[in-house]
Structures are given as structure tokens and as C-alpha cells.
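Residue numbering for the sequence shown follows the working numbering, beginning at 926 and increasing consecutively.
Every residue gets a Cβ at the ideal spot worked out from N, C-alpha and C, and that includes glycine.
Please read all numbers here as calculations on a predicted model, not as lab measurements.
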Amino acid sequence: MQAPDLLAAALRWLELAGLLGFTGAVVVRRLAANPPALPWARPRLQLVLGLALAGGLATAVDQFVFGAGVTLGVLIRIAAEAVALALCMTIGRGAVPVGFVAVLVIALSGHAPRVDPPVPAIIDEAIHVVSAGMWAGGIVVLAALHPPGGWRGEEGRELIERFGRVAILALAITALTGVLRATQELTAISDLWATGYGLVLAAKSAGVLAMAAMSALTWRRGLPLARVEAALGLAVIGASGLLAAFPMPPGQA
926 MQAPDLLAAA
936 LRWLELAGLL
946 GFTGAVVVRR
956 LAANPPALPW
966 ARPRLQLVLG
976 LALAGGLATA
986 VDQFVFGAGV
996 TLGVLIRIAA
1006 EAVALALCMT
1016 IGRGAVPVGF
1026 VAVLVIALSG
1036 HAPRVDPPVP
1046 AIIDEAIHVV
1056 SAGMWAGGIV
1066 VLAALHPPGG
1076 WRGEEGRELI
1086 ERFGRVAILA
1096 LAITALTGVL
1106 RATQELTAIS
1116 DLWATGYGLV
1126 LAAKSAGVLA
1136 MAAMSALTWR
1146 RGLPLARVEA
1156 ALGLAVIGAS
1166 GLLAAFPMPP
1176 GQA
């Protein structure tokens, strides 16, 4: 990969981290609002939306300098991120649906639109991104919270149990859609170790499996692994950004 590709991967990681964190924050806030309410578990949407907007703006500059021009998808994401952030900082309402526009549009900016036929791949990618945000993004958000009495305390355990029920389903959907996308981008199983794209995909898959194992320990035994899981989650998001920056996966070469 050339330097612009690596730069594009880093910037996509920044935006993805913000958008998946936004999705996770929305899930955590909704779970915390269920009775009995947990008022301490209300992560700020401004932070993750600001991170996403910074990544989107930097991506636009990168495309303008190194590419053929800023794509429509990036412009739509920037607009949605900016409006959602402004709503958060002013009236405090309406930010969630606008923010999810950016989450869904990011599925249009990878390799999915170039798959033949493109529509199933785009839908698959959109579901993959949303479910990954609910699960991995939620874990990253949880790592930044400080429940009274710690995660072994009553309220901390309550939130982990609520999140666990959602995360199990989201993880299953993430894994299923990820496998489907892999079959669209790879030509053979050997691509996993014979191509750069496959090696990054294999590393990402290993990271997801490690996160799933840690999550099982956290939810069932109450072990304080949240920050380790969050670090792994950010690494997996970085691998996703790197995959999107590859000029052409094996299945499209």
C-alpha cells in the first residue's frame, strides 16, 4: 500500500471509531434509561460525534489532495455528523437519527458498492457496521464509564447484564454479515494468508474472537476486562479502516 492508502486507513479509523462509538453510546444510554434507571450511564454523544466529524473532514482533505476529488458519500457523512453534533450542543434533540445517517452512509464508501450485484453487499455492509457499533462500540463506551461501586457493584453488574443481552445478538449478526462480506471479497480460503487483504481480514477476525472471549468472562464472571476489550475493539476498527483503504480486494482484482 502507498502512503496515501495508509493515511486514508488512519483517517477512516478515526471516523469509524467515532461513528461506532456513537452507535454504542446510543445503545448504552437507552439501556440505562430502562427501569430502574442508571443516571450515571449517559455517555456524551458530543465527544464521539466530534471524533467522527474530525475524521470525516480529514478524509475530505485527503481525498482532495491525493485523490480525484471528494466523494459524495464523504460529503453526506460530514453534513450528517456536523448537524448531529450541532443538535447535541444546542437543542439536545434529533441528533440520533441524523447521526445514524452518517453510520449508514459509511457503508457506501468501502468496497461494497463495487461488488456485482452491489445492493446485497451494501445492505450487508450497513447491517455489519450498525451491529458492530452496538457491540464493539458499546464496549468502548462502557470502558469510559465509572459506575458507583465499580463494575462489580450492583449498578455496574446491572448495566453489564443489560448490555450483554443486546451484545450477544449484535455479535452474532456482526459475525454472520462479516462472513458474508468475506465471501464477496475473497476468491478462495487461501486468500486469507496469500494476500495482504486476507492477512488483515484474518487479523481482524482474530481480534473479534478475542473480544468475544473476553466479553464472556466479563459478563459471566464479572472480571474487570473492559479497558482491554476496548483497546482490542479500537484495533479491530483500525483493521476495518485498513481493509477499506486497499485499492482492490482479491475478489474484485
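| query | Are the Cβ atoms of A1032 and E1050 separated by less than 7 angstroms? | reply | Taking the sequence shown and counting its residues from 1, the one referred to as residue 1032 is at position 107. Taking the sequence shown and counting its residues from 1, the one referred to as residue 1050 is at position 125. In this structure, E1050 lies closer than 7 angstroms to A1032 by Cβ.
| Quick one: Cα of L932 to Cα of I1003, how far? | As a first step, residue 932 is located in the sequence shown; it is residue number 7 there, counting from the start. As a first step, residue 1003 is located in the sequence shown; it is residue number 78 there, counting from the start. Distance between the alpha carbons of L932 and I1003 is about 18 angstroms.
| field | For A1097 and A957, the rounded distance between their alpha carbons | value | Residue mapping note: residue 957 aligns to position 32 of the sequence shown, counting from 1. Residue mapping note: residue 1097 aligns to position 172 of the sequence shown, counting from 1. So the two alpha carbons sit approximately 23 angstroms from each other.
| said: Just to confirm before moving on: does the CB-CB distance between L936 and A983 stay below 7 angstroms? | reply: Numbered from 1 along the sequence shown, position 11 holds the residue referred to as residue 936. Numbered from 1 along the sequence shown, position 58 holds the residue referred to as residue 983. A contact, by the Cβ cut-off of 7 angstroms.
| query | With respect to the alpha helix (DSSP H) encompassing R1002, which residues constitute its N-terminal and C-terminal limits? | reply | Walking along the sequence shown from the start, residue 1002 turns up at place 77. Taken as a continuous stretch (DSSP letters only), the alpha helix (DSSP H) holding R1002 covers L997 to M1014.
| Spatial distance of M1136 from A950 (CA atoms) | Translated into positions along the sequence shown, residue 1136 becomes position 211. Translated into positions along the sequence shown, residue 950 becomes position 25. Distance between the alpha carbons of M1136 and A950: 18 angstroms.
| task | Compare the beta carbon distance of V1161 and V1125 with 7 angstroms and say whether it is the shorter of the two. | result | Position 236 of the sequence shown holds residue 1161. Position 200 of the sequence shown holds residue 1125. No.
| By a C-beta neighbour count over all protein chains shown, 10 Å radius and 16 as the cutoff for buried, is G992 buried or exposed? | Counted from its first residue, the sequence shown places residue 992 at position 67. Flag for G992 reads exposed.
| By DSSP, does L931 sit in helix, in strand, or in coil? | The residue you call residue 931 lines up with position 6 of the sequence shown. Helix, per DSSP.
| said: Excluding the 5 residues flanking G1063 on each side, which residues of the same chain have their C-beta closer than 7 angstroms to its C-beta? | reply: Here residue 1063 refers to the residue found at position 138 of the sequence shown. G949, V952, V953, F1088 and A1092.
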